[in-house]
Amino acid sequence: MYRLTVRDHMMVAHSLPHPAFGPAQQLHGATFVVELTFLRAELGEEAIVIDIGEATTLLREALADLDYSNLDDHPDLAGVLTTTETLARVVADRVAARLPGGRYAGLEVTLREHPDAWATYSLDL
Numbered sequence: 000m001y002r003l004t005v006r007d008h009m010m011v012a013h014s015l016p017h018p019a020f021g022p023a024q025q026l027h028g029a030t031f032v033v034e035l036t037f038l039r040a041e042l043g044e045e046a047i048v049i050d051i052g053e054a055t056t057l058l059r060e061a062l063a064d065l066d067y068s069n070l071d072d073h074p075d076l077a078g079v080l081t082t083t084e085t086l087a088r089v090v091a092d093r094v095a096a097r098l099p100g101g102r103y104a105g106l107e108v109t110l111r112e113h114p115d116a117w118a119t120y121s122l123d124l
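Using numbering that gives the first Met the number 0, you'd call the opening residue of the sequence shown number 0 and step up by one each time.
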């Protein structure tokens, strides 16, 4: 399996209104490093998984309306606990919706909220 990964970041405000989150139930900020990995079983005639520029654009577009926003007010996230895990899936689903069918085996999105803590969502295509 071939993989190509690009990286970006987003800064958000959000709250996690569930007792499991202690002080994070209150509105707070977070900066996420976001990695998007494209998986492809075989390379095409161009011998790449995906053009790096295209991959970078797809990731930036998936993050654009989340970056510098209060996720508690985002209409796509109403009623959603915006955990690192949940946000990884949101980004993966947004990118997948823009991809041509049949070319990629899957996507992985990793959100790093700290150098020692991150979550990954894997999506088979």
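Built from N, CA and C at the ideal position, the CB exists for glycine as well. Source: prediction; values computed, not measured.
Following the DSSP letters along the chain, one finds V32 in no alpha helix (DSSP H) but inside the beta strand (DSSP E) bounded by residues 27–39. Sixteen is the threshold: when 16 or more other Cβ atoms of the shown chains lie within 10 Å of the Cβ of I49, as they do, the residue is buried. Judged by DSSP secondary structure, D92 falls within the alpha helix (DSSP H) whose first and last residues are 83–95.
Using a Cβ distance threshold of 8 angstroms, R39 and R102 count as a contacting pair.
Per DSSP, the unbroken beta strand (DSSP E) holding L122 starts and ends at 116–123. Looking at the backbone, the Cα of T4 and that of L80 are separated by about 26 angstroms. Per DSSP, the continuous beta strand (DSSP E) segment holding G105 begins and ends at 105–113. By DSSP's assignment, T4 forms a beta bridge with T36.
When rounded, the separation of the alpha-carbon atoms in D72 and Q25 is 14 angstroms.
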